[in-house]
Amino acid sequence: AIPTKQSSPPRVLLSNLFPSGEYPVGEEVEYRDENLSRTTDEEKRHLDRMNNDFLQEYRQAAEIHRQVRQYAAQNIKPGQSLTEIAEGIEDSVRALSGHPGLEEGDNIKGGIAFPTGVNLDHIAAHYSPNAGNKTILTKDNVMKVDFGVHINGRIVDSAFTMSFDPMYDNLLEAVREGTNAGIKEAGIDVRMGDIGAVIQETMESYEVEIRGETFPVKCIRNLNGHDIRQWQIHGGKSVPIVKGTDNTKMEEGEVFAIETFGSTGNGYVRDDLECSHYAKRVDAPVVPLRVTSASKLLNVINKNFGTLPFCRRYLDRLGQEKYLLGLNNLVSNGIVDAYPPLVDKKGSYTAQFEHTILLRPTVKEVISRGDDY
Ligand SMILES: O=S(=O)(c1cccs1)N(Cc1ccc(F)cc1)Cc1ncn[nH]1
Ligand SMILES: [Mn+2]
Ligand SMILES: [Mn+2]
Ligand SMILES: [Mn+2]
Numbered sequence: 001a002i003p004t005k006q007s008s009p010p011r012v013l014l015s016n017l018f019p020s021g022e023y024p025v026g027e028e029v030e031y032r033d034e035n036l037s038r039t040t041d042e043e044k045r046h047l048d049r050m051n052n053d054f055l056q057e058y059r060q061a062a063e064i065h066r067q068v069r070q071y072a073a074q075n076i077k078p079g080q081s082l083t084e085i086a087e088g089i090e091d092s093v094r095a096l097s098g099h100p101g102l103e104e105g106d107n108i109k110g111g112i113a114f115p116t117g118v119n120l121d122h123i124a125a126h127y128s129p130n131a132g133n134k135t136i137l138t139k140d141n142v143m144k145v146d147f148g149v150h151i152n153g154r155i156v157d158s159a160f161t162m163s164f165d166p167m168y169d170n171l172l173e174a175v176r177e178g179t180n181a182g183i184k185e186a187g188i189d190v191r192m193g194d195i196g197a198v199i200q201e202t203m204e205s206y207e208v209e210i211r212g213e214t215f216p217v218k219c220i221r222n223l224n225g226h227d228i229r230q231w232q233i234h235g236g237k238s239v240p241i242v243k244g245t246d247n248t249k250m251e252e253g254e255v256f257a258i259e260t261f262g263s264t265g266n267g268y269v270r271d272d273l274e275c276s277h278y279a280k281r282v283d284a285p286v287v288p289l290r291v292t293s294a295s296k297l298l299n300v301i302n303k304n305f306g307t308l309p310f311c312r313r314y315l316d317r318l319g320q321e322k323y324l325l326g327l328n329n330l331v332s333n334g335i336v337d338a339y340p341p342l343v344d345k346k347g348s349y350t351a352q353f354e355h356t357i358l359l360r361p362t363v364k365e366v367i368s369r370g371d372d373y
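Taken in order, the sequence shown gives residues 1 to 373; the numbers are from this note's numbering.
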């Protein structure tokens, strides 16, 4: 018989739990004053109804994200390795989406949207363990879990921070409130610089005491939210998390990842450590590849990921071997971008919360909102 509720760990295909094909609506927020009429505007409601396939694909990806992250948050414990934590999340996403991603093209239909980030302490983003990584989670870590789910290229990008010592609570609270302030301010015709200002105002009103030393919470000024397009995790627009003069506006129909980062360090990140995250450029040039392994690898990337980001473990899982020379050749030819880990200063602690929002014609839908965050 078909199960009627999700298992622990999550392995029940989500479409079996929603046979009608109607997935849960995210948090709907009315636009602010100058756009308030949109809620009842008949033409806008018609436009909304036209997008039902898009909305159902997005809501399915979001429900998968919620079910997977809620199990992860309850079951990740100190003593587990970053590899088993990341793979546990990935196994669940593949099961709920019904896309194990081992047949060519399967991951293109749905499943994992980008590598599972498990970012410890001063490492803010883009860290996923490569093969052989022995790192173990400890009770003193502040871990940012950042993973993506997609259905037909509709990407849900959402992240949360876990810690096991209450002394970090103010840091996590500062960032959770910063992200919520950014979500509240976001909307059609809203300027990016204004969003950055309210995020910074909110986040930097906090301080955190760690082992006897008090730190003001700083926004990481060179990290940003971003727009999301079908198959494209970053469409070109950035959402700053500090005040600035960016007058670029958000537009109707756009999708944004609203993500903020707080730090007890410099409030600034740089590239460091071994790279795990890569993605083929949307505008990749077609160049003759002299390195044979590079062209073979490019075929594997095109067939299994397209322009979705991937990590070395996903190549291992597809049976690829000795691909580093080829991968680096694709990077140097401008075909693939490398996204190395982004780190603040050693000894500092960083936190992140992230949601994906849809600027629908009638309302702002915080598609990845759950009762967890
Ligand atoms: O830092 S970003 O490159 C960026 C921020 C603003 C403009 S581009 N990045 C996009 C991305 C890059 C590679 C990935 F594998 C996944 C996502 C933000 C992000 N990383 C994780 N979640 N969200
Ligand atoms: Mn499939
Ligand atoms: Mn993310
Ligand atoms: Mn993001």
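Yeah, the Cβ is synthetic: ideal placement off N, Cα and C, and Gly gets one too.
| query | result |
| --- | --- |
| With residue 354 and residue 227 assumed to form a contact (beta carbons below 8 Å), what rounded beta-carbon distance in angstroms separates them? | In fact, because the Cβ distance is near 14 Å, the residues do not count as touching under 8 Å. |
| Please classify residue 59 as buried or exposed, where buried requires at least 16 other C-beta atoms within 10 Å of its C-beta. | buried |
| Quick one: Cα of residue 73 to Cα of residue 369, how far? | 15 Å |
| Do residue 304 and residue 107 have their C-beta atoms closer together than 8 Å? | yes |
| Nearer than 7 Å: is that true of the beta carbon of residue 257 relative to any heavy atom of ligand 4? | yes |
| According to the Cβ coordinates, are residue 57 and residue 151 closer than 8 Å? | yes |
| Exposed or buried, which one is residue 157 when buried takes at least 16 other CB atoms within 10 Å? | buried |
| Using a threshold of 7 Å, is the CB atom of residue 254 nearer than that to any non-hydrogen atom of ligand 4? | no |
| Flag this pair as yes or no: are the beta carbons of residue 124 and residue 342 separated by less than 8 Å? | yes |
| Once you ignore the five residues that flank residue 83 on each side, which residues in its own chain have a CB closer than 7 Å to its CB? | 129 and 133 |
| Compute every distance between the C-beta of residue 114 and the non-hydrogen atoms of ligand 1, then say whether any falls below 7 Å. | yes |
| Any chance you could list the residues with Cβ under 6 Å from a heavy atom of ligand 2, keeping chain order? | 98, 99, 106 and 109 |
| So, residue 394 versus residue 256, is the Cβ gap smaller than 8 Å? | The question about residue 394 has no answer, for the chain in this structure spans 1 to 373. |
| At what residues does the alpha helix (DSSP H) containing residue 233 begin and finish? | Looking at the DSSP string, residue 233 is not in any alpha helix (DSSP H), and its letter there is neither H nor E. |
| Beta carbon of residue 71, beta carbon of residue 8: below 8 Å? | yes |
| Identify every residue that forms a DSSP beta bridge with residue 154. | 151 |
| Could you check whether the region 13-33 touches the region 327-342, counting it as contact only if at least three pairs of C-beta atoms, one from each stretch, sit closer than 8 Å? | no |
| Alpha carbon to alpha carbon, how far is residue 189 from residue 110? | 31 Å |
| Go ahead and label residue 234 buried or exposed: buried means 16 or more other beta carbons lie within 10 angstroms of its beta carbon, across all protein chains shown. | buried |
| Is residue 337 near ligand 3 - that is, is its Cβ less than 7 Å away from at least one heavy atom of it? | no |
| Hey, how far is the Cα of residue 175 from the Cα of residue 236? | 24 Å |
| Going by DSSP, what residue range makes up the beta strand (DSSP E) through residue 277? | 277-280 |
| Does the beta carbon of residue 227 fall short of 7 Å from some heavy atom of ligand 3? | no |
| Using a threshold of 8 Å, state whether the C-beta atoms of residue 81 and residue 135 are closer than that. | yes |
| Let me confirm a value: residue 61 is counted as buried when at least 16 other C-beta atoms fall within 10 Å, else exposed. Which label applies? | buried |
| Does the beta-carbon of residue 216, which I'm using as the reference point, lie nearer than 7 Å to any heavy atom of ligand 1? | no |
| Just mark residue 2 as buried or exposed, buried being the case when its beta carbon has 16 or more other beta carbons within 10 Å. | exposed |
| Is it buried or exposed, residue 315, if we count other Cβ atoms within 10 angstroms and call 16 or more buried? | buried |
| Less than 8 Å between the C-beta atoms of residue 340 and residue 275, yes or no? | yes |
| Mapping the DSSP letters down to three states, classify residue 25 as helix, strand or coil. | coil |
| I'd like to know if the region 277-295 and the region 218-227 are in contact, where contact means that at least 3 CB-CB pairs between them fall below 8 Å. | no |
| What would DSSP say about residue 52, mapped onto helix, strand or coil? | helix |
| Looking at the strands, I want to know which residues DSSP matches up with residue 392. | Lying before the first or after the last residue shown, residue 392 is absent from the chain, which here runs from 1 to 373. |
| Let me make sure I understand the geometry here. Which of 243, 209, 213 and 202 has the alpha-carbon closest to that of residue 192? | 243 |
| Express the C-alpha separation of residue 312 and residue 10 in angstroms, rounding to a whole number. | 25 Å |
| By Cβ distance, which residues of its chain are closer than 8 Å to residue 229, with the 5 residues on each side in sequence left out? | 235 and 255 |
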